[in-house]
Amino acid sequence: MIEISSPATLSALWEEVRLPERPPLPLVRHAQVEAWVRRLPPDLFQVEVAGHSVEGRALYHVQVGQGPRQVLLWSQMHGDEPTATTALFEVFEYVRRYREHPRVQELLSTLTLHAVPMLNPDGAERFQRVNAQGIDINRDALRLQTPEGRTLKALRDRLQPSIGFNLHNQDWRTSVGTSGKPASISLLAPAFDAARSDNPGRLLAKKLCAVIRDAVEALVPGQVGRYSDAFEVRAFGDNMGLWGTPAVLIETGPWAGIDADAPLLRLNFVALVSSLEALASGQAEQADLGRYDSIPLNDGKGLFHVVVKEAHVFGEAGEAFIGDIGMTAFMAVRQRQGAPVAVIAGQIADLGDLRVFGAVETVDGRGLTAVPLPPRGAREGDLIPLPPRSLCGVKVGQPAELMLLRPAKSAGMWRVERIVRFER
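With my numbering, letter number 151 in the sequence shown gets 148, and the count goes up by one each step, no holes.
As structure tokens, this is what we get:
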């Protein structure tokens, strides 16, 4: 039995197999997926059109391997959850480039991988959660009113995979328990009934989650959380288990800094390759279930992207007070000069005493006054007068555009100490 790759090895390998021409994640559209599919060597990969979206876009089924164990992976059933779509093609590139390596040989001879890299291309085109009908595909497992949902169900029924990987992104406010750390990767072996029963398939999914936890936590300690396992009767992941295909849910979450694409893709690559190699080698069955059970539960609203601590703040009315300012951030697509661009947008989400929340970044606001950034802008180090009271108000729902001011030696002037700004 071949040992699975170490997290450090896979992290380094990702630098070799990452896709150099990839667009920013929110701009990965169906045309890009088609271009990547066309590059897959036909002597190694088989590609079919498994179905079509509401607006007629092809839903691609990519197959690689000759092993007896069938594995189904699907990504971007929510159009605004793009990370794993690119990550899957980086896994394909790893398989292509290292096809002669003993680990990849074992994987391909033991498993047959089936992937739907983009299940909701119409939603991806709009960068929205739902499909073109306005339906959440992941809540359509029973009625099957979406062509995308019917395609996934038909593929599962035809292949009868022994395990599935359900790949998503989650809210950037999600923290790992009460640690205050971002849940950059969250894991779940979804329940297949309301009693949250276990069977051999769900136990295997839990063990695969344990493998992923150990691999990812080696790179980002404390940033792996566990998604709620409350049974969702309408969801695909839950019903897959009921139909005989236990699933591993991987939710990609927040990351420190503006450029989150590369580190989150690296984590997805390490998670997927580690778990697939463990499944192929048989080491997944030997994983410690306790490593799954002890993953801290997520707190879905426990995290801000930035918190300014203990600044002087003018609210909508009244005198200035000492308070914290919590700002959220999220991936978004905006039109600039008639073309779509990917941005990290943000807004002010809370004011007051926010000590019970975590933050990706904490800014020390003591001795500083926080006011909205003026339309004309400002630069750090500028000396400016304090804006009129009518322009100093900070309130929930405003764009996350603030400047932090310190009284200067010059009478009536203030120095811009720090600017905190996200896109609108």
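Glycine is no exception: its CB is placed at the ideal position from the N, C-alpha and C atoms.
* Asked: Nearest CA to the CA of GLY53: which residue from PRO337, SER106, GLN73 and LEU116?
  -> To locate residue 53, count along the sequence shown from 1; it is residue 56. The option with the nearest alpha carbon to GLY53 is LEU116.
* **Within 9 Å, strictly: CB atoms of LEU273 and VAL14** => On the sequence shown, position 276 is the one that residue 273 refers to. On the sequence shown, position 17 is the one that residue 14 refers to. Against a cut-off of 9 Å, the Cβ pair of VAL14 and LEU273 comes out as no contact.
* Between GLY409 and LEU401, what straight-line distance do the alpha-carbon atoms span, to the nearest angstrom? -> Along the sequence shown, one-based indexing puts residue 409 at 412. Along the sequence shown, one-based indexing puts residue 401 at 404. Taking the straight line joining both Cα atoms gives about 16 Å.
* **Option in GLY120, GLY323 and ALA191 with minimal Cα separation from GLU307** => As a first step, residue 307 is located in the sequence shown; it is residue number 310 there, counting from the start. Checked all of GLY120, GLY323 and ALA191; the closest Cα to GLU307 is GLY323.
* To do: Counting only the same chain and skipping the five closest in sequence on each side, list residues whose C-beta sits under 8 Å from that of ALA281.
  => Within the sequence shown, residue 281 is the residue found at index 284, counting from 1. So the list reads LEU201, LYS204, LEU205, VAL208, SER272 and ALA275, once near-sequence residues are dropped.
* To do: Leaving out five residues on either side along the sequence, give the residues of the same chain with a beta carbon under 7 Å from the beta carbon of GLU45.
  => The sequence position of residue 45 within the sequence shown is 48, counting from 1. HIS58, listed in sequence order.
* Asked: Can you find a heavy atom of the ligand SAM that lies under 8 Å from the Cβ of SER106?
  -> Although the ligand SAM was asked about, the structure shown includes no ligands whatsoever.
* Which term fits PRO179, buried or exposed, when burial requires 16 or more other beta carbons within 10 angstroms of its beta carbon? -> Here residue 179 is taken as the residue at index 182 of the sequence shown, counted from 1. Result: buried.
* **CA nearest to the CA of GLN43, picked from GLN60, ARG193 and GLU90** => As a working note, residue 43 is residue 46 in the sequence shown. Of the candidates GLN60, ARG193 and GLU90, the one whose C-alpha sits nearest the C-alpha of GLN43 is GLN60.
* Asked: Do you know whose CA, among ALA81, VAL113 and ASP77, lies nearest ALA47's CA?
  -> Taking the sequence shown and counting its residues from 1, one reaches residue 47 at position 50. Per the Cα distances, VAL113.
* **Short Cβ contact (9 Å threshold) for GLY177 with GLY238** => Residue mapping note: residue 177 aligns to position 180 of the sequence shown, counting from 1. Residue mapping note: residue 238 aligns to position 241 of the sequence shown, counting from 1. Not closer than 9 Å, so no.
* Asked: With 16 other CB atoms within 10 Å as the buried threshold, where does LEU286 fall?
  -> For the purposes of this step, residue 286 is taken as residue 289 along the sequence shown, with counting starting at 1. That one is exposed.
* To do: Grab me the residues of LEU348's own chain with a C-beta within less than 8 Å of its C-beta, minus the 5 sequence neighbours each way, in chain order.
  => For the purposes of this step, residue 348 is taken as residue 351 along the sequence shown, with counting starting at 1. Cβ within range, chain order: VAL310, GLY312, GLY320, ASP321, ILE322, GLY323, VAL391, LYS392 and VAL393.
* Asked: Would DSSP call ALA257 helix, strand or coil?
  -> If you number the sequence shown from 1, residue 257 lands on position 260. Reduced to three states, the DSSP call for ALA257 is coil.
* Asked: Just how far apart, CA to CA, sit VAL368 and PHE354?
  -> Locating residue 368 in the sequence shown gives position 371, counting from the first residue. Locating residue 354 in the sequence shown gives position 357, counting from the first residue. About 22 Å.
* Asked: Going by alpha carbons, who is nearest to PRO243 out of GLN395, ALA121, PRO187 and GLY219?
  -> On the sequence shown, position 246 is the one that residue 243 refers to. Nearest option by C-alpha distance: PRO187.
* Along the chain, where does the beta strand (DSSP E) that runs through LEU399 open and close? -> As a working mapping, residue 399 is identified with position 402 in the sequence shown. Where LEU399 is concerned, the enclosing beta strand (DSSP E) stretches over 398 to 404.
* Neighbour-count burial assignment, PRO23, 16 or more Cβ in a 10 Å radius -> The count along the sequence shown starts at 1 and reaches residue 23 at position 26. Buried, by the Cβ-count rule.
* Buried or exposed: GLU90, going by 16 or more other Cβ atoms within 10 Å of its Cβ? -> The residue given as residue 90 occupies position 93 in the sequence shown. Its Cβ being crowded by 16 or more others within 10 Å, GLU90 is buried.
* Asked: Can you tell me where the alpha helix (DSSP H) with ALA5 in it begins and where it stops?
  -> The count along the sequence shown starts at 1 and reaches residue 5 at position 8. That run of the alpha helix (DSSP H) goes 4 to 14.
* Buried versus exposed, by CB contacts within 10 Å (16 or more), GLU97 -> Here the question's residue 97 lines up with position 100 in the sequence shown. Per the 10 Å Cβ criterion, exposed.
* Asked: Out of GLY343, ASN295 and GLN220, which has the shortest C-alpha to C-alpha gap to VAL304?
  -> Locating residue 304 in the sequence shown gives position 307, where the first residue counts as 1. Closest by alpha carbon: GLY343.
* What does a CB cutoff of less than 7 Å around PRO404 pick up in its chain, not counting 5 residues either side in sequence? -> The count along the sequence shown starts at 1 and reaches residue 404 at position 407. Here the set comprises TRP411.
* Which two residues bound the contiguous beta strand (DSSP E) that contains TRP169? -> Working through the sequence shown from its first residue, we reach residue 169 at position 172. Taken as a continuous stretch (DSSP letters only), TRP169 belongs to no beta strand (DSSP E), as it is neither H nor E.
* To do: Hey, could you find the ends of the alpha helix (DSSP H) LYS150 is sitting in?
  => Reading the sequence shown from its first residue, position 153 is the one you call residue 150. 144 to 156 is the extent of the alpha helix (DSSP H) around LYS150.
* Simplified DSSP assignment, three categories, for MET410 -> Here residue 410 is taken as the residue at index 413 of the sequence shown, counted from 1. Residue state, collapsed to three classes: strand.
* To do: Under 8 Å by Cβ, that's how I've got SER291 and GLY250 pegged, so tell me the actual separation to the nearest angstrom.
  => Position 294 of the sequence shown, counted from the first residue, corresponds to residue 291. Position 253 of the sequence shown, counted from the first residue, corresponds to residue 250. The pair is not a contact, with the Cβ atoms about 19 Å apart (cut-off 8 Å).
* To do: At 4 residues or longer, and completely inside the region 173 to 256: list those alpha helix (DSSP H) runs for me, N to C.
  => 197 to 214 and 233 to 240
* **Secondary structure of ARG331, DSSP reduced to three states** => As a working mapping, residue 331 is identified with position 334 in the sequence shown. Correct three-state label for ARG331: strand.
* Could you spell out the range, first to last residue, of the alpha helix (DSSP H) harbouring SER106? => What you label residue 106 is simply residue 109 of the sequence shown in a count that begins at 1. Start and end: 99 to 107.
* Measure the Cβ-Cβ separation of PRO158 and HIS49 and say whether it is below 9 Å. => In the sequence shown, counting from the first residue as 1, residue 158 sits at position 161. In the sequence shown, counting from the first residue as 1, residue 49 sits at position 52. Not in contact: PRO158 and HIS49 (Cβ atoms no closer than 9 Å).
* To do: Entirely within the region 291 to 378 and at least 3 residues each: give me those beta strand (DSSP E) ranges in chain order.
  => 300 to 310, 318 to 333, 336 to 349, 355 to 361 and 366 to 369
* Asked: Whose C-beta lies closer than 7 Å to the C-beta of GLN142 among residues of the same chain, with five residues either side of it excluded?
  -> The sequence position of residue 142 within the sequence shown is 145, counting from 1. Counting only Cβ-Cβ distances below 7 Å, and skipping sequence neighbours, we find ILE132.
* What do you reckon, are the CB atoms on THR83 and ARG19 nearer than 9 Å? -> Locating residue 83 in the sequence shown gives position 86, where the first residue counts as 1. Locating residue 19 in the sequence shown gives position 22, where the first residue counts as 1. Yes, these two residues count as a Cβ contact at 9 Å.
* Asked: Using the C-alpha atoms, what's the distance from ASP226 back to PHE301?
  -> Stepping through the sequence shown from its first residue, residue 301 is reached at position 304. Stepping through the sequence shown from its first residue, residue 226 is reached at position 229. Cα to Cα, the separation comes out at about 24 Å.
* In angstroms with no decimal places, state the Cα-to-Cα distance between PRO79 and TRP71. => Along the sequence shown, read from residue 1 onward, the residue named residue 79 stands at position 82. Along the sequence shown, read from residue 1 onward, the residue named residue 71 stands at position 74. C-alpha separation (whole angstroms): 11 Å.
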